[in-house]
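**Q**
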Ligand code: GLU
């Protein structure tokens with residue numbers, strides 16, 4: 098017998114920005130589909146109308162595109178199993194509700210929120226699992242009519258039988274939940290909207306999903322969903338629940354740990370391929386992978402079985418390290434393209450019209466960039482009106498030997514500009530600077546002061562960049578030019 102086609106889905110609810118944990122779920126599904134010739138479906142679970150917004154949905158799709166995760170069916174593409182937004186599938190959920198009403202697997206429940214809350218509190222006091230105890234389970238027709246006449250609009254609850262619900266999880270092995278611990282759950286709200294569990298089962302069935310790959314926080318939902326599959330007479334898909342991303346305290350990764358959404362990392366200047374790799378590597382989903390792999394290689398290496406059972410600790414430093422390593426490998430020209438939004442965000446739009454200068458700066462600072470957003474700080478260094486002399490740099494500049502060296506450098510530079518714009522008939526240099534001139538200048542300062550190495554270079558760096566670390570000085574000189582260098586030396590000497 099040939100195995101049925103693999104069809105997996107990512108089913109986010111656009112009620113917030115895409116969390117890296119959810120992005121990882123999307124990635125696992127995508128890698129599984131791409132590695133097996135299956136289909137990857139994107140389904141928008143937007144039945145929570147109060148919290149869903151079009152902007153969150155738009156950002157979600159945009160973040161997936163940015164990560165390079167594409168879908169075969171879903172919003173913007175369509176497909177034979179659509180529509181792919183739950184809010185557009187409401188009639189289907191109503192049909193399925195009718196089916197369950199006819200087979201008496203569900204009943205209307207008229208309890209108010211206050212009554213349910215009182216029941217929950219009572220169970221907690223009695224040290225029992227809070228759940229619905231079935232008050233409306235056996236109402237007669239006339240009792241239902243009376244409650245309806247009071248203006249109560251019912252929800253629909255599923256009758257959960259006692260006994261174990263078992264399934265084999267592809268990652269976690271055999272699982273069992275007890276029906277009595279679940280209680281009769283809501284499948285359709287009083288607004289007519291399906292609950293998450295109900296809509297998911299119907300969609301997974303009609304979209305012919307073969308494998309449900311999602312976080313282990315959905316394990317108990319799976320038990321509930323299996324009951325619905327059976328009641329509707331359908332075969333459930335296979336399930337695989339992966340461990341969640343945690344902070345270093347092993348608690349689920351949340352805002353209190355720092356950045357958690359793809360968007361935040363994106364705007365902080367993490368490269369998409371780096372985030373993709375990092376999420377794939379996290380928790381040891383791949384063995385022995387230490388470097389950046391292409392999406393194609395990740396697909397080839399991915400295996401559901403190997404996907405870690407253990408928690409995946411999110412280590413931002415490692416992510417930054419990977420980002421830096423990858424930025425260093427970029428061709429300067431391509432990196433400059435990637436940096437455009439960050440140059441703009443830092444307020445240097447004008448620089449975008451001077452491509453050569455931009456690439457010159459990028460080449461100079463490339464090795465110093467941890468994130469793309471770091472470019473802003475370096476652009477300040479090259480802008481006379483924004484560069485500042487930091488306290489540590491000032492402390493160096495104020496040393497007697499340093500001042501001497503800076504005075505000599507200023508005088509040498511001054512002579513250089515005079516000579517070049519003299520009446521020898523040659524065109525003036527107009528502030529130009531290159532590596533040879535830089536070497537000659539530093540050599541002259543060294544000769545006259547006897548300073549070498551750090552003692553020679555540090556004061557110069559401190560004076561012309563305002564900092565103690567940064568790009569190579571010869572490149573800084575070339576990018577600044579003599580006019581700017583002179584101004585900066587004067588400013589340092591005036592301290
Ligand atoms: N909308 C659900 C969520 O975002 C989907 C869970 C599932 O994959 O079934 O958590």
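In my numbering, the protein residues as written are 98 to 592. Just so it is clear, CB atoms sit at the ideal spot from N, CA and C, and this is done for glycine as well.
#1: With a CB to CB cut of under 6 angstroms and the five nearest residues on each side skipped, what residues in its chain are close to residue 159?
#2: Shortest alpha-carbon distance to residue 141 belongs to which of 175, 428, 205?
#3: Using a Cβ-Cβ cut-off of 6 angstroms (strictly less than) and excluding sequence neighbours within five positions of residue 386, which residues of its own chain qualify?
#4: What does DSSP give as the partner residues of residue 291 in its beta bridges?
#5: With three or more C-beta pairs closer than 8 angstroms as the rule, is the region 420 to 437 touching the region 445 to 458?
#6: Thinking residue 279 and residue 228 are a contact (beta carbons under 8 angstroms), I'd like their distance in whole angstroms, please.
#7: Spell out a yes or no on whether the region 116 to 129 and the region 151 to 170 are touching, meaning 3 or more CB-CB pairs, one atom from each, closer than 8 angstroms.
#8: Mind pulling the alpha helix (DSSP H) runs of 4 or more residues that sit fully within the region 364 to 444?
#9: Touch check for the region 359 to 370 and the region 336 to 349: three-plus C-beta pairs under 8 angstroms?
#10: Where do the ends of the beta strand (DSSP E) carrying residue 166 lie?
#11: I need the DSSP call for residue 130, collapsed to helix, strand or coil.
#12: Sorted by chain position, which residues of the same chain lie with C-beta nearer than 6 angstroms to residue 354's C-beta, five sequence neighbours on each side aside?
#13: Less than 9 angstroms separating the beta-carbons of residue 230 and residue 216?
#14: Roughly how many angstroms lie between the CA atoms of residue 565 and residue 170, to the nearest whole one?
#15: Buried or exposed: where does residue 322 fall if 16 or more other Cβ atoms within 10 Å of its Cβ makes it buried?
#16: Excluding five sequence neighbours on each side, which residues of the same chain lie with their C-beta closer than 7 angstroms to the C-beta of residue 519?
#17: In terms of residue numbering, what span does the alpha helix (DSSP H) encompassing residue 239 cover?
#18: Taking the straight line between their C-alpha atoms, what separation do you get for residue 114 and residue 373?
#19: Could you give the residue range of the alpha helix (DSSP H) that holds residue 560?
#20: With DSSP as the reference, please indicate the residues paired to residue 332 in a beta bridge.
#21: Provide the residue(s) that pair with residue 270 in DSSP beta bridges, ordered along the chain.
#22: Is residue 110 near the ligand GLU, in the sense that its beta carbon is under 8 angstroms from a heavy atom of that ligand?
#23: According to DSSP, simplified to helix, strand and coil, what is residue 229?
#24: For residue 208, which of helix, strand or coil comes out of DSSP?
#25: Can you grab the Cα-Cα spacing for the pair residue 331 / residue 466, in whole Å?
#26: Taking the runs of the alpha helix (DSSP H) that are 4 residues or longer, which of them lie wholly in the region 140 to 188?
#27: Here's the rule I'm using: 16 or more other beta-carbon atoms within 10 Å means buried, otherwise exposed. How should residue 295 be labelled?
#28: Looking at the secondary structure, which residues open and close the beta strand (DSSP E) in which residue 38 lies?
#29: Please report the distance separating the alpha-carbon of residue 182 from that of residue 207.
#30: In chain order, what residues of the same chain have a beta carbon less than 6 angstroms from the beta carbon of residue 265, not counting five sequence neighbours either side?
**A** Answer, in terms of the structure:
#1: none
#2: 175
#3: Summary for residue 386: the model assigns pLDDT 47, below 50, so the residue's position carries little reliability; its value from the coordinates is reported in the next sentence. Counting only Cβ-Cβ distances below 6 angstroms, and skipping sequence neighbours, we find 378.
#4: 285
#5: yes
#6: 7 angstroms
#7: yes
#8: 369 to 378, 392 to 398, 413 to 426, 429 to 442
#9: no
#10: Note, residue 166: premise wrong, no beta strand (DSSP E); not H, not E.
#11: helix
#12: Annotation for residue 354: 344 place their beta carbon closer than 6 angstroms to its own, counting only its chain and skipping 5 residues before and after.
#13: yes
#14: Going from the Cα of residue 565 to the Cα of residue 170 covers about 53 angstroms.
#15: buried
#16: Bear in mind that a pLDDT of 46 at residue 519, under 50, signals an unreliable position, so the model cannot answer this.
#17: 238 to 246
#18: 17 angstroms
#19: 550 to 562
#20: Beta-bridge pairing links residue 332 to no other residue.
#21: 266
#22: yes
#23: coil
#24: coil
#25: 54 angstroms
#26: If we require 4 residues or more, the alpha helix (DSSP H) runs fully inside the region 140 to 188 come out as 151 to 164.
#27: buried
#28: The structure shown does not extend to residue 38, since the chain spans only 98 to 592, so no value can be given for it.
#29: 29 angstroms
#30: 271
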